[in-house]
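Working notes for the structure below.
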DNA sequence: CGAAACGATGAAAGCGATTGCATGGATTCT
DNA sequence: AGAATCCATGCAATCGCTTTCATCGTTTCG
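Residue numbers (my numbering), protein chains in the order written: chain X, 1 to 329; chain W, 330 to 658.
The structure is reproduced here in structure tokens:
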């Protein structure tokens, strides 16, 4: 007994295959009686439409591709989850691909995905803009955390939240700050550094720039060590992972946080709430980012001609325990 | 100018579509001259075979499904990466689905995947054995970290590594141990607890059983608190995440590790090397687990009738800085 | 030299669905 | 009542590819 098809159902119901197809796609075109019978038989036989066959005629795979630069980065899991949820609501599946931090792999993978998916989301791409543009040619594509004029993009803007972070520290009495810069190839790193510089200049406080450091725990430890060679009392880490490294380094050297130094992270990954002390950071609107990306992509899939959309979602500052008054009360 | 198909290529080359198809699938059947010409024209036109059309006739999607119980658990990223690599080598893609810790979602997702994939890997399933069996009926399936007679499985066995861990601690002078049990629904947790109990009994040392605790950082902090109410000098945490929680709790209360207490984790996730002190733990052979799972699945896809395979890969004990002599020297 | 074997190619039949068009019976309008 | 609509359904083409079988020109062998 091979897999049930619309034909086996049609035969059993004494109708044509077209009618069976309609029952699933345009039920309003079928009389209630037939509709019910077909539905019943389909269930009984355990019928499942063949996606390949459907895809062949509709030209849709009902699947989107998601390329992440590094799946081991704690930033991504929540993003993936949010994207998956949204996609599922639009009844598409997600093909996840990990580029393992390689720009080359990134474009290779969008090439591979082409044809198997209706469009792709590239999260925090490492590739050059030119490479991305080329790779996405003729394929609906949304960039996450990387603006690019001719492609759609959804970015998280932490500028104002970082201002808030600065103000928070300033109010606590801090006057000498350290900027622990992230990887120079990262658009987000550049943007964050820029925001912090701007704030410091506007506030007229001292800003010591260190780095760039890699966006890893280890990079954070190095940043922590570098921090201790300055007399900055508060530091902006590139992201939470780095901030955790800083925390670990300071803890290892017996430097109390926030007693002697305050540290702020960025992104608010799971880790941020769980380290000790819990991280003061900037919450990225993960759900919003993922949902928006999927929606924009869906729009581009349905109207491939349309103009690229650009969305900017703000992060929000959240104070926890890694920042405190200076001098310590 | 619509997408190139084997027909457009065939026309341009003055051959039949069948020949073009053969060039890609059974090149040895085509004369070198024709083969080269077709290849050249295909490249020139940017031809890509349509997976839906191919899938329709071959019945293969060249895709495998991967269901993880919780993508935010640091155990998974490396596993995903390894599975993806292996799948890619067999030129299949991976559809990743996060079950968000829900048993119901797990089986729902394997149902959804059915038809879109050639088979599925379910990693650390939460569902009941009966539910899994039912869900996998007629679909090639491999379970990761959950043995089940009638389905194939690949499991990581830490029994002997945990013995090593015990011996390591015993040699360091520890005589009173705590077992911080993991979630009762987890097969891995049960197995680990069992191994530790067996070792302790064999060694004739005292074992204080605490828990079960959730397999989260927070669960770990609770476990840490519970640990401090006993006079055990060394503790076996369920996994690294939990162990990190324990470490954080002890650090928060000013209890030096490994000075006053030793802690061992399990899995050796990225986190384990990066926390302070770095975790003594049991390294899971991630690459092996992922690769084996994909290979077994491939075999089941190609020979759906075959008997289920069961693979057991041992973890290996690795001593780092969270364990030390007792009493401290 | 004729028969057998072979190698390269083409014609055509699906794979399982969607969908535009035709059909025919029932309903509604004048 | 006859014409005009409308609704439910069927027919058949189509999506792009794979694959079996037939064909036909060459080579090889006895």
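From the three backbone atoms N, C-alpha and C, an ideal C-beta is built for every residue, glycine too. As the structure is a prediction and not an experimental result, all values here were calculated from the model.
- For residue 98 (chain X), the enclosing beta strand (DSSP E) begins and ends at 93-98.
- In the structure shown, residue 573 (chain W) adopts helical secondary structure according to DSSP, grouped into three states.
- Shown here for residue 293 (chain X): same chain residues with a beta carbon closer than 6 Å to its own, the five before and five after excluded, namely 121, 142, 144, 154 in chain order.
- Between residue 251 (chain X) and residue 83 (chain X), the alpha-carbon positions lie close to 36 Å from each other.
- At a cut-off of 8 Å between beta-carbon atoms, residue 313 (chain X) makes no contact with chain W.
- The three-state secondary structure of residue 72 (chain X), taken from DSSP, is coil.
- Per DSSP, residue 637 (chain W) lies in no alpha helix (DSSP H) segment and is marked neither H nor E.
- Looking at the DSSP output, residue 177 (chain X) bridges to X:207, X:234.
- Just so you know, the alpha carbons of residue 342 (chain W) and residue 331 (chain W) end up roughly 18 Å apart.
- Scanning chain W for C-beta atoms nearer than 7 Å to the C-beta of residue 320 (chain X) yields nothing, as the closest lies near 14 Å away.
- The residue from W:626, W:572, W:486, W:481 with its alpha-carbon nearest to that of residue 637 (chain W) is W:481.
- When Cβ-Cβ separations below 8 Å define contact, residue 55 (chain X) makes contact with chain W.
- Boundaries for residue 471 (chain W): no alpha helix (DSSP H) harbours it, while the beta strand (DSSP E) harbouring it runs 470-473, taken from the DSSP string.
- For residue 609 (chain W) and residue 371 (chain W), the gap between their C-alpha atoms comes out near 55 Å.
- According to the DSSP secondary-structure assignment, residue 66 (chain X) is paired through a beta bridge with X:96, X:121.
- By the Cβ criterion, the region 267-279 of chain X is not in contact with the region 172-184 of chain X, since fewer than three pairs of Cβ atoms, one from each stretch, lie closer than 8 Å.
- Annotation for residue 481 (chain W): no alpha helix (DSSP H) segment contains it, though the beta strand (DSSP E) segment containing it runs 481-486.
- Contact between residue 615 (chain W) and residue 407 (chain W) holds: their C-beta atoms lie close to 4 Å from each other, under 8 Å.
- Secondary-structure assignment with DSSP links residue 596 (chain W) through a beta bridge to W:612.
- Put simply, the CB of residue 354 (chain W) is far from chain X, with every gap to its CB atoms at 8 Å or more.
- The three-state secondary structure of residue 23 (chain X), taken from DSSP, is helix.
- For residue 62 (chain X), the closest C-alpha among the options W:444, W:593, W:531 is that of W:444.
- A Cβ-Cβ contact shorter than 8 Å links residue 126 (chain X) with residue 103 (chain X).
- Note on residue 262 (chain X): 16 or more other CB atoms within 10 angstroms of its CB, so buried under the neighbour-count rule.
- In the DSSP assignment, residue 647 (chain W) falls within the beta strand (DSSP E) that extends over 645-647.
- Distance from the CA atom of residue 23 (chain X) to the CA atom of residue 8 (chain X), rounded to whole angstroms, is 14 Å.
- Collapsing the DSSP output to three states places residue 443 (chain W) in a strand.
- Between the alpha carbons of residue 129 (chain X) and residue 256 (chain X) lies a gap of roughly 42 Å.
- The C-alpha of residue 194 (chain X) lies about 12 Å from the C-alpha of residue 238 (chain X).
- For residue 458 (chain W), the secondary structure class from DSSP, reduced to helix, strand or coil, is helix.
- Judged by DSSP secondary structure, residue 44 (chain X) falls within the alpha helix (DSSP H) whose first and last residues are 32-45.
- Scanning its chain for C-beta atoms nearer than 8 Å, with the 5 sequence neighbours on each side dropped, one finds around residue 420 (chain W) the residues 391, in chain order.
- If you ignore the 5 residues before and after residue 551 (chain W), its C-beta comes within less than 6 Å of the C-beta of 542, all in its own chain and listed in chain order.
- For residue 233 (chain X), the number of other beta carbons within 10 angstroms of its own is at least 16, and it is reported as buried.
- Any Cβ of chain W closer than 8 Å to the Cβ of residue 84 (chain X) would place that residue at the interface, and such an atom is present.
- Non-local beta-carbon contacts of residue 525 (chain W) in its own chain, meaning distances under 6 Å to residues more than five positions away in sequence, involve 491, 508, 565 in chain order.
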